[in-house]
Amino acid sequence: MGSTTGASGDRNDVVIIGAGHNGLVAACYLARAGLKVQVLERNDYIGGAAVSRKLYGDFTYSNCSYVCSLLRPEIMRALELPRFGLQVIPYEGGCTMMRDGGHLALYDNHDALRREIARHSPRDAEAYHRFSTDVIRQCKFIKPLLMREPPDPTSFKPRDLMELLYLGQRLNSIGEDRMYDTIRFWTMSAADFLDEYFESEIVKAHFAGSSIIGTALGPRSPGTAYVLLHHYMGDIDDTVGAWGFARGGMGAITAALTASLEASGGSVRTGAAVEQILVKNGRTTGVALASGEEINARLVISNMDVKRTFLKSMAAEHLPADFLTAVRRFKIRGSSGKLNIALDGLPRFPAIPEGSPCIRGDLHLTDSLEMMERAYDDWKDGRWSQAPYVDMLIPSQIDPTMAPDGKHYMSVFVQYCPYELADGPWTAAKRKAFGDTVIDAIARQSPDFKSLILHAEIRTPWDIENEVGLTEGNIFQGELTMDQLLFNRPVPGFAQYRTPINGLYMSGSSTHPGGGVMGAPGANAARRVLRDLGRAS
Amino acid sequence: MPPSEPTAPHFRKPLLETPFHARARELSQIDQFVPWAGYNTVDVFTTVEQEYFAIRNASTLYDLTPMVKYRVAGREALEFLNRLVTRDLRKLRVGRVSYVVWCNDRGHIIDDGTVFRLAATEFRLCTAERQLDWLLDSAIGFDVEIAEVTTDIAALAVQGPTSCYILKRFGLEGVERLKVFEIGEFSVRGRPLTVSRTGFTGDLGYELWMRPADAVAIWDELMAAGRTRGLRAIGSQALNMARIEAGFLMPNIDFMNAEHTVRLGRGRSPLELGLGWLVDLDKPHFNGRRALIAERRAGSRRLLVGLDVAGNKPAHNALLYAEEAGRREVGSVTSALWSPTCKRNIALAILEAPHFAVGTTLWADIYLNRELVWERRMAKCRVVEKPFFAPERRRATPPADR
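Protein chains in written order, with my numbering: chain A, 739 to 1275; chain B, -15 to 386.
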């Protein structure tokens, strides 16, 4: 049954649909500006895709998102998330296990990493320096754009002109050569990008992983180099590209946001599924819940993806036809699955050398771009990858709150898994078969893995859509390709968090700068609302 | 397993040990080691002062094995290297060494190093940083083979006024005939040894290149030969003092590999670093030539110079101003030192045009920690000629015994 947290009262200034991280970030900023904010969450628990749940014994799962890097430090600081309980702990390195029993590990120590890569290619060990320098250069350019509203290039309003000028200055400040690189990196394939640095197949395969996560594209598809960069955009304590765990699972982020929100007088109501966004004379008046209850508000912010907002939660008659068409065309294809596994002990991976810290990082099984591309081919054919790309972590090695002592929680992100199967709808049997494919793949590198499994939660894109509400289960609320980024995200002309409906705004990852547990869309949306209310910050 | 390879895997022990490591451990009194190019090396053995003065007064042994070494060989090895570096290597005879820099296409320095011409088509390139990818990319189209040989060759620098005498006593017959930048092949008690009259101290000195298996024995015999002439092992700190006096540049201190800079404008051209004498614009095409021609025509926007700083406090990391009031920032110090030999407070600094002419007066913003209380002082500086210290003995052939 649903419940309301925090203070609740009569008239709302703002109703926010969805207690995911971006909705909560927007809520926090607005509540801190003095607005009365009510967040509505259809599930009985808070978090959206940044959630920790206990589904088996004393094991905590990060059911959806599972690692943290992109969450903007300025948001953590402004909303005092550490004071409200958030701790982000970095993890070290990672490893790709090879089919021939070999491996490539990543280490934080520069010399250990160089010697590790040099085992596969001395040249690549030294090219890695160039690769990371180029990645950092590009991220330095993009990063300041994350927390800004994208300019409308067709507008002559002073604000848009200023923002365009800023964009131009940023581009200019990185230098002529980097400008060329920027355009190339934003449009080229990850395979082409990595070919410019590395010769070793295993090195390329390891780094290509982040270019396909959450994306219905293969490593050879144009546009995937940007997805790779997107995953380097974060930092932990100023270590660029570092990833870590939220202590207590990803739900710790949304729990801290909720506590921060309540401290500023806002509240979250769970078990409150919004059926419809109410519109009268081109202006929103509030929302209607599935129960029939209507909640009025001056402003409504939808943290749902753009398709769910406009195609499923609103009558089409209120929307311009070209806008609707653009929303329908928005690419938000489901391509990822997830397994959350409770383990009776730490599995053995013979490919990983005894004592190597890389087992505490992200582990992978795809040792060539070819294998990765073939995994994508399966998705195109409407079936889950027979040899899937997995991004697998055992956070309980670092975070003691995730599992009982001596036991372990394993998070397995799986690419690719289609939303719609070629042979008809998802069934319980197919879900199990999908899970078995993944478990078998892991067991090929870990002989004792299967015997340690106590419980497994298997989630297909269909499950993710139905539980979390993400259309097709797309983790980014829309793909991160150039045609859907910056002023084209989510649709041209509506990149500034506004919608064709007066008083209705968007704050989800469908908007600039896109997905990942970053919080930037929520913060930018809140700033847009405050500006429109004449409370410019 | 080669002797330089420690038994622990790299993820437990990331740093390698040179073949001299056991000796370094024995002589180290204060356990002050630093990582250098992937090796665990000595920063200070005993006291920096004593080690420094051994360079200028007696002789020193410095383990330079970690210096990155590439073997460059093949029919077009010379053509490749000449295409890589800014200097005209066609003039480099077999048995000679040349100090070189190489640039990217923007004319900004990637690294500096030395080229040894061991045979007509065989060279050794010594560099500060590993850069196999850059070298291999630059070698496309040339009939040349490039391989890193750092672990295959152990190296010792023997530097100081008594270094020639000690090497003679050690058994290098005729070493006194080696001219500056000349290479000699020797054999001592059955052990082959390559000796070059090169170094990073600006003083009389030699560098010895040997098989790792012979390293410890040669170390011991050198120590025995030098005992009565003040030979001692030194760490990197003492060497750093000597190289500042000699006006030599240190990568990642005085300039950065341009390919590793993230920010615009952090790359440095050889002209800007005062290394114009290494740039030969009349030789066939080389990386960065076009940019350097343009820079020479337009004039450099900045220049690395020597500074004489008032007072006795080194101007570490100081910003430099055109006037005492400290309003107009015109550069910054990259290396600073109270020079015990010159009895001058010296620095290397990068300055914007037009403030770099010799004789220009500048002001350095120096912060002093005086018993935990920080004080700020504006010290007057003068742009001066480099090097700060260049004794005649460094060139004398044959050198004196002391």
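Every residue, glycine too, gets a C-beta built ideally from N, C-alpha and C.
Contact check, residue i vs residue j, beta carbons under 8 Å
{"i": "LYS53 of chain B", "j": "ARG7 of chain B", "result": "no"}
{"i": "ARG55 of chain B", "j": "LEU76 of chain B", "result": "no"}
{"i": "ARG1169 of chain A", "j": "ILE1196 of chain A", "result": "yes"}
{"i": "LEU0 of chain B", "j": "PHE29 of chain B", "result": "no"}
{"i": "GLU883 of chain A", "j": "VAL1267 of chain A", "result": "Here residue 883 of chain A is Leu; the residue named in the question, Glu, does not match the sequence. Not a contact, by the Cβ cut-off of 8 Å."}
{"i": "HIS244 of chain B", "j": "HIS848 of chain A", "result": "no"}
{"i": "GLU60 of chain B", "j": "VAL128 of chain B", "result": "yes"}
{"i": "ALA380 of chain B", "j": "GLY214 of chain B", "result": "no"}
{"i": "LEU1218 of chain A", "j": "TYR964 of chain A", "result": "yes"}
{"i": "PRO1095 of chain A", "j": "ALA980 of chain A", "result": "no"}
{"i": "ILE950 of chain A", "j": "THR962 of chain A", "result": "yes"}
{"i": "PHE869 of chain A", "j": "TYR935 of chain A", "result": "yes"}
{"i": "ARG1121 of chain A", "j": "LEU1084 of chain A", "result": "no"}
{"i": "ILE974 of chain A", "j": "GLY1257 of chain A", "result": "no"}
{"i": "CYS766 of chain A", "j": "LEU999 of chain A", "result": "yes"}
For residue i, three-class secondary structure by DSSP
{"i": "SER(-12) of chain B", "result": "Low confidence applies here, because SER(-12) of chain B scores a pLDDT of 45, under 50, leaving its location unreliable and the question unanswered by this model."}
{"i": "MET1130 of chain A", "result": "strand"}
{"i": "SER746 of chain A", "result": "In this prediction, SER746 of chain A has a pLDDT of 47, which is less than 50 and means its spatial position is unreliable; what the coordinates show is noted afterwards. Coil, per DSSP."}
{"i": "THR1175 of chain A", "result": "helix"}
{"i": "ARG1090 of chain A", "result": "Checking the sequence, you will find Ile at residue 1090 of chain A rather than Arg. Here ILE1090 of chain A sits in coil by DSSP."}
{"i": "TRP1122 of chain A", "result": "coil"}
{"i": "LEU109 of chain B", "result": "strand"}
{"i": "ASP751 of chain A", "result": "strand"}
{"i": "GLY906 of chain A", "result": "helix"}
{"i": "CYS806 of chain A", "result": "strand"}
{"i": "ALA1261 of chain A", "result": "helix"}
{"i": "GLN776 of chain A", "result": "strand"}
{"i": "GLU10 of chain B", "result": "helix"}
{"i": "THR381 of chain B", "result": "coil"}
{"i": "VAL128 of chain B", "result": "coil"}
{"i": "ASP862 of chain A", "result": "helix"}
{"i": "MET739 of chain A", "result": "Note that MET739 of chain A has pLDDT 45, beneath the 50 cutoff, so the model's placement of it is unreliable and no number is given."}
{"i": "ARG386 of chain B", "result": "coil"}
{"i": "VAL69 of chain B", "result": "strand"}
{"i": "CYS833 of chain A", "result": "strand"}
{"i": "ARG857 of chain A", "result": "helix"}
{"i": "MET1148 of chain A", "result": "strand"}
{"i": "TRP1164 of chain A", "result": "coil"}
{"i": "ASN760 of chain A", "result": "helix"}
{"i": "PHE869 of chain A", "result": "helix"}
Contact set between residue i and chain B, taken where Cβ atoms lie within less than 7 Å
{"i": "GLU864 of chain A", "result": "ARG114, GLN115, LEU116, ASP117"}
{"i": "GLY913 of chain A", "result": "LEU248"}
{"i": "ARG1021 of chain A", "result": "The contacting residues do not exist; ARG1021 of chain A stays about 47 Å from chain B at best."}
Chain A residues whose Cβ lies nearer than 7 Å to that of residue i
{"i": "HIS5 of chain B", "result": "Result: empty, since nearest Cβ-Cβ is about 15 Å, beyond 7 Å."}
Enclosing beta strand (DSSP E) for residue i [first to last residue]
{"i": "ASP706 of chain A", "result": "This structure does not reach residue 706 of chain A, given that chain A is present from 739 up to 1275, and the question cannot be answered."}
{"i": "LYS1076 of chain A", "result": "1074 to 1081"}
{"i": "ASP27 of chain B", "result": "23 to 28"}
{"i": "ILE330 of chain B", "result": "328 to 336"}
Residue range of the alpha helix (DSSP H) that includes residue i
{"i": "GLN34 of chain B", "result": "32 to 41"}
{"i": "MET917 of chain A", "result": "914 to 925"}
{"i": "VAL941 of chain A", "result": "939 to 950"}
{"i": "ASP204 of chain B", "result": "199 to 210"}
{"i": "GLN115 of chain B", "result": "Here GLN115 of chain B belongs to no alpha helix (DSSP H), and DSSP marks it neither H nor E."}
Contact list for residue i against chain B, beta-carbon separation under 9 Å
{"i": "ASN1078 of chain A", "result": "Correct list: empty, because the minimum Cβ distance to chain B is about 28 Å."}
{"i": "GLY1003 of chain A", "result": "What GLY1003 of chain A touches in chain B: nothing, since even the nearest Cβ is about 43 Å away."}
{"i": "TYR904 of chain A", "result": "Those within 9 Å of TYR904 of chain A in chain B number zero; the least Cβ separation is about 16 Å."}
Contacts that residue i makes with chain A (C-beta to C-beta distance below 8 Å)
{"i": "ARG(-4) of chain B", "result": "GLY1093"}
{"i": "PRO19 of chain B", "result": "ASP849"}
Where residue i meets chain A, residues with beta-carbon distance less than 9 Å
{"i": "GLU256 of chain B", "result": "What GLU256 of chain B touches in chain A: nothing, since even the nearest Cβ is about 17 Å away."}
Residues that residue i contacts on chain B, provided the C-beta gap is smaller than 8 Å
{"i": "ALA843 of chain A", "result": "PHE(-5)"}
{"i": "ARG922 of chain A", "result": "Per Cβ cutoff of 8 Å: no residues; ARG922 of chain A is ~17 Å from chain B at best."}
{"i": "PRO860 of chain A", "result": "LEU116, GLU132"}
Exercise for the section: Go through the segment 969 to 1047 of chain A residue by residue and report every complete run of the alpha helix (DSSP H) that reaches 4 residues or more, in order. Expected result: Counting only runs of 4 or more, we get 989 to 1001.
Practice task
Please specify which runs of the beta strand (DSSP E), each continuous and at least 3 residues long, are wholly inside the segment 247 to 289 of chain B, giving them in chain order.
Solution key: Runs found: none.
Problem - Complete beta strand (DSSP E) runs within the segment 1171 to 1237 of chain A (minimum length 3 residues, chain order) - result: Those beta strand (DSSP E) runs which fall completely within the segment 1171 to 1237 of chain A and span 3+ residues are 1191 to 1197.
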